[in-house]
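Read in order, the letters of the sequence shown correspond to residues -31 to -1, 1 to 81 in mature numbering (1 follows the signal peptide of the UniProt record, and there is no 0).
As structure tokens, the structure follows; a few thoughts come after it.
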Amino acid sequence: MNALACHRRFVCRSLLIISVCYLLFQESAPAQHVWGYASLEFDASADKLIGYASVETDYNTAALYNVQLDATIYDQNQNAVAYGSVQGYQTASIIKEVADLQELPAPGPTDN
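Right under this line is the structure:
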């Protein structure tokens, strides 16, 4: 057998052994966590609805991914009355206000 064939066989076996060792002895990946919060508040003195939404990730997730937060406020008839979108590194938050609440559509029939 010539030297080139022996060298190729050695390289192939070495790569196979390294691949198997990598699969057997790799460290576990850290868990990824995302926390979210949303609230709606009615300000009667200003007659407006204030919506707040936020999202936060753990450090390991933030190292791999950016945060994108999309928030929509719907009226009782499922019409979008406010929308916001923001991107961030580890956290993102949105505050949206809906004024002129008298101009919102009347509520539809409800099932009781």
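We put the beta carbon where it would ideally sit given N, CA and C, even for glycine.
- Cβ neighbours of Thr60 within its own chain (closer than 6 Å, five residues either side excluded): Glu25.
- Under the three-state reduction of DSSP, Tyr28 is assigned to helix.
- In the three-state reduction of the DSSP assignment, Ala(-27) falls in the helix class, which pools H, G and I.
- Less than 8 Å divides the Cβ of Ile42 from the Cβ of Val50.
- By the criterion of a C-beta distance shorter than 6 Å, Trp4 is surrounded in its chain by Glu25, once the five residues flanking it on both sides are discounted.
- Per DSSP, the continuous beta strand (DSSP E) segment holding Ala51 begins and ends at 49 to 57.
- In this structure, DSSP gives Ser(-18) a helical state, which the three-state scheme calls helix.
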